[in-house]
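S.K.:
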């Protein structure tokens, strides 16, 4: 009973707002059927709300559009601005690393200076592309050659690495002991 | 020359639209500095466009809002519609932090950078498991070592902390003295 | 009480009977789990007693505090060491208050209230407790706000945002993959001198003549090498084993006499 009461109080404007919020959070195009089910409204009401919302997006002439795609509705950027969007996505600052790169960086950080064969030895997998990524991102630098068979290149972390991870110097890297301290007092707590 | 030509042709409305598109595609709150860099405009122009866009979002009274958070701008749903959004996403409010974790987070937020012994001093209880939780949830980060006996790690709050607690920056936190008055009132009551 | 005998400092949580448990066990159980620490518990007790924080009735509060700690024990709730430290502090303050003031103390010497330090800590702690409450309220509000769903351009960037602790965690995981190898290494390194002597003796018996250099070369680590070296010295000294060297800097042979 309460739900019905509540439902009836939704104005068309409110319904449009809720529909917009749901389309916005959805990971994929959302169908009017799903919208109708969630909001316990009939399809016609929802269809009308979506249509109205679409018109509003069009008349606003903002950076976004409401599109029908794969049988559902989705908010996306307007095609006119794709160039700027692409430019932004490219320059996006990325302190982000894949797990492979992160592992390689971890080995280099803690074992530096270290050669590719040594990294392979520790990680148990080839790390060539990860090393390239890390060099591109300037997180690591070459540190000369090791005087051993094949004179392999040694790598260490860069100044950019310190800056990106907010470290004054390498001694500020957390040590295994820091973690053990946490784990140790953890045991005490229990 | 071409770039200059192109730049000059952007009307304020176009700029607003592009800014909206970029804020939308960005995964994290985007700063006006980044927007200015990508669009090769000065900060004032961008600030004005963002401000104008914010007003538009407010007057539209749709399902979305434009907010300043963690030093940048982000589009999100309006709080009014959380029930419907949650029903659609089938999510429950995420697990709340424990009292111990919240207290530890409060000490770190106000005393940062702060070490584990300093947190113990204030809370009067070991906080290792709380710190571990906060690190796992990325609410806090290591902030170097304190130049004192044992060089303990120092901790501070992260960008995720600002995002999850809806803060523009740390200065938006009420000052700790405000809580002193609150604490004092306990004594006054008697 | 007079200056006769201040209360004993030592107390036994296990011997004393809990006093509250019989009355409202369930309710207390719930309350107990909620305390974030000894200061939190103390604040609660002070409020319960409606006492003035600047004039804590220490004897009463100490009793209540100890009751709770005993109760926690009896309910099999692990009592963190910090709660016991606070119990000791309270008892110390209580006994200090019971001691008569030194009548020969100079007049102008300000009487330091033994409770002062505790009061300061409680007030300081309470600020952060209120701040924690504020944070709690903020998350509640924030949980009503949702970001957009994933879009296509996010996919190209499905990566982790790393902090220094991630680097450490990842490094530990890599090391953990090798844990078996490392264990073996440690095992190898920890061969005792006695075992080394036994091995060496057996080898000499079996092989009649044993090259010291060859034996040393079988060692896997510096530490093993040192153990092997001492074993050789030991075996020559104690057993009927002789070291022979055919020429200066030549190979040294171990032989049974």
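Residue numbers (my numbering), protein chains in the order written: chain A, 403 to 592; chain B, 403 to 592; chain C, 553 to 809.
All residues carry an ideal CB built from backbone N, CA and C; glycine is no exception.
Because the structure is a prediction, the values reported are computed rather than measured.
1. Any beta carbon of chain C sitting closer than 8 angstroms to that of residue 502 of chain B?
2. Can you check the stretch 485-512 of chain A for any alpha helix (DSSP H) of at least 4 residues that lies completely inside it and give the ranges in chain order?
3. For residue 638 of chain C, tell me which candidate among C:614, C:647, C:769 has the shortest Cα-Cα distance.
4. Within 8 angstroms (strictly less), CB to CB, does residue 723 of chain C reach chain A?
5. Give the secondary structure of residue 544 of chain B by DSSP, where H, G and I count as helix, E and B as strand, and everything else as coil.
6. In chain order, what residues of the same chain have a beta carbon less than 8 angstroms from the beta carbon of residue 542 of chain A, not counting five sequence neighbours either side?
7. Could you tell me whether the Cβ atoms of residue 598 of chain C and residue 608 of chain C are closer together than 8 angstroms?
8. Is it right to say residue 431 of chain B is buried, meaning 16 or more other beta carbons lie within 10 angstroms of its own, or is it exposed?
9. Take residue 420 of chain A as the anchor and find which of B:414, B:467, B:512 has the nearest alpha-carbon.
10. In whole angstroms, what separates the C-alpha of residue 516 of chain A from that of residue 776 of chain C?
11. Classify residue 426 of chain B: buried if its beta carbon has 16 or more other beta carbons within 10 angstroms, exposed otherwise.
12. Helix, strand or coil for residue 519 of chain B per DSSP?
13. Starting from residue 725 of chain C and walking both ways along the alpha helix (DSSP H), at which residues does that stretch end?
14. For residue 709 of chain C and residue 528 of chain B, I'd like the C-alpha separation in whole angstroms.
15. Chain B partners of residue 691 of chain C, CB-CB under 8 angstroms?
16. Just to confirm, are residue 423 of chain B and residue 512 of chain A a CB contact at a threshold of 8 angstroms?
17. For residue 526 of chain B and chain A, any beta-carbon pair shorter than 8 angstroms?
18. Any chance you could list the alpha helix (DSSP H) runs of at least 4 consecutive residues sitting entirely within the stretch 404-489 of chain A, in chain order?
19. Within its chain, find whatever has a CB closer than 7 angstroms to the CB of residue 634 of chain C; leave out the 5 residues flanking it on each side and keep chain order.
20. Could you tell me the distance, in whole angstroms, from the CA atom of residue 480 of chain A to the CA atom of residue 463 of chain A?
21. Compare the beta carbon distance of residue 568 of chain A and residue 539 of chain B with 8 angstroms and say whether it is the shorter of the two.
22. Residue 422 of chain B CB to nearest chain C CB: under 8 angstroms?
23. Between which two residues does the alpha helix (DSSP H) harbouring residue 645 of chain C extend?
24. So residue 726 of chain C and residue 525 of chain A are supposed to be a Cβ contact under 8 angstroms. How far apart are they, rounded?
25. Hey, is residue 565 of chain C's beta-carbon within less than 8 angstroms of any beta-carbon in chain A?
26. Give a yes or no on contact between the stretch 663-676 of chain C and the stretch 493-501 of chain B, applying the rule of three or more CB pairs nearer than 8 angstroms.
27. Output yes or no for whether 8 angstroms exceeds the beta carbon distance between residue 580 of chain B and residue 473 of chain B.
28. Under the assumption that residue 417 of chain B contacts residue 486 of chain A (Cβ atoms under 8 angstroms), give the Cβ distance between them as a whole number of angstroms.
29. DSSP three-state label for residue 579 of chain C, please.
30. Which bits of chain A does residue 701 of chain C rub up against, with CB to CB less than 8 angstroms?
31. Between residue 557 of chain A and chain B, is the shortest Cβ-Cβ distance under 8 angstroms, so that the two count as touching?
32. Would residue 543 of chain B count as contacting chain C if we go by Cβ distances under 8 angstroms?
33. Can you pull out the residues from the stretch 614-643 of chain C whose beta carbon lies closer than 9 angstroms to at least one beta carbon of chain B?
34. Quick one: list the residues of chain B neighbouring residue 562 of chain A, beta-carbon separation under 9 angstroms, in chain order.
35. Please report whether the beta-carbon of residue 454 of chain B lies at a distance below 8 angstroms from any beta-carbon of chain A.
36. Can you pull the chain C residues whose beta carbon is under 8 angstroms from the beta carbon of residue 471 of chain A, in chain order?
M.R.: According to the structure shown:
1. yes
2. none
3. C:614
4. yes
5. strand
6. 507, 510, 533, 536, 557, 558, 559, 560, 563
7. yes
8. buried
9. B:467
10. 26 angstroms
11. buried
12. helix
13. 716-729
14. The pLDDT assigned to residue 709 of chain C is 48, lower than 50, so where the model puts this residue is not dependable; a value taken from the coordinates is nonetheless given after this. Distance between the alpha carbons of residue 709 of chain C and residue 528 of chain B: 38 angstroms.
15. 498, 499, 566, 567
16. no
17. no
18. 404-410, 414-427, 434-441, 445-462
19. 589, 590
20. 9 angstroms
21. no
22. no
23. 633-650
24. 6 angstroms
25. With a pLDDT of only 35 at residue 565 of chain C, under 50, the local geometry of the prediction cannot be trusted, and no value is derived from it.
26. no
27. no
28. The pair is not a contact, with the Cβ atoms about 10 angstroms apart (cut-off 8 angstroms).
29. The predicted position of residue 579 of chain C is uncertain, since its pLDDT is 41 and thus under 50; no value can be drawn from it.
30. 426, 427, 428, 429, 430
31. no
32. yes
33. 632, 633, 634, 635, 637, 638
34. In chain order: nothing, as chain B lies at least about 17 angstroms away.
35. no
36. By Cβ distance, chain C contributes nothing, its closest Cβ being about 11 angstroms from residue 471 of chain A, past 8 angstroms.
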